[in-house]
Amino acid sequence: MQANILAEAGVPLGKLEAVGFAMETVGRRLLRFGGVDVNTAIGSLEEQLPRIGGQIDSAVIGDIPAWEDGSMHIMVVKSDLGASDARLNFCYGRSRYASGNFIVSAARLNEEEIIGATVHEAGHAVGLVSSDMPQYDGNSSFDGHCVHECVMQAVNTLEEMRRATRHVLGNMAVAGFCDDCDSHLQKVHLA
Ligand SMILES: [Zn+2]
Ligand SMILES: [Zn+2]
């Protein structure tokens, strides 16, 4: 599978490399696809994206076709992310569930924290965590998270994003996913 990273010019190189590193780490668990080839392109991405005030509107992720070309598509923006369709002041990243697509902002996250954000959003983008899965967290304030010690636990604060990153870097062989989430990764198919 291909993971195509499209980054806004001016996103610090270290953060962009961290996103690529995170996608390669997730890709090694997508065993059915033989891993993921990560391609990175830099351009004037934000000119094409809708804004709400000073933020990029993360709802745009819903407009991108699912599994286009059988690839994952990842947008990395410099600006902060908002959400015209949710009651959020900001978000670190946003996925279109099970579509292979997500957007992540470099505005509030450092080179380590963006690793946790990327793996977490990639998890949503491949279908984690739906309510029919045993690890589904029915008490989370946001839908779609994992009850276990896992990169797919709900992330509402910077400290929780740092925890997500610790899961990834502390369990590199499984990219920070728990057993239940990892077993989902083995079953991912392109819708
Ligand atoms: Zn999430
Ligand atoms: Zn999990």
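If you use numbering that gives the first Met the number 0, the sequence shown corresponds to residues 0 to 190, in order.
A virtual CB, placed ideally from N, CA and C, is assigned to each residue, including glycine.
For glutamate 120 and glycine 92, which I take to be in contact (beta-carbon distance under 8 Å), what is that distance rounded to the nearest angstrom?
4 Å
State the DSSP-derived secondary structure class of isoleucine 113, mapped to helix, strand or coil.
helix
By DSSP, does isoleucine 175 sit in helix, in strand, or in coil?
Isoleucine is not the amino acid found at residue 175; the sequence shown has glycine there. Coil.
Determine whether the Cβ of histidine 147 lies closer than 8 Å to any Cβ atom of chain B.
Of the protein chains in this structure there is only one, and it is not chain B.
Go through its chain and collect everything with a Cβ distance to serine 98's Cβ below 6 Å, but skip five positions before and after it.
Ala65
Considering only the beta carbon of each residue, do isoleucine 73 and valine 18 sit closer than 8 Å?
yes
Below 8 Å, how does it come out for the segment 26-37 and the segment 53-62: are there three or more Cβ pairs, yes or no?
no
For the structure I just gave you, are there three or more beta carbon pairs, one from the segment 126-146 and one from the segment 34-53, closer than 8 Å?
no
Given glycine 69, which residues of its chain have a CB within under 7 Å of its CB, disregarding the five upstream and five downstream residues?
Met0, Leu189
Since phenylalanine 20 is in the alpha helix (DSSP H), which residue starts that stretch and which ends it?
12-26
Near ligand 2: glutamine 185 beta-carbon under 7 Å from a heavy atom
no
Would the beta-carbon of histidine 147 be found less than 7 Å away from any heavy atom of ligand 2?
yes
What distance in whole Å lies between the Cβ atoms of phenylalanine 101 and arginine 95, which are believed to be in contact at a cut-off of 8 Å?
7 Å
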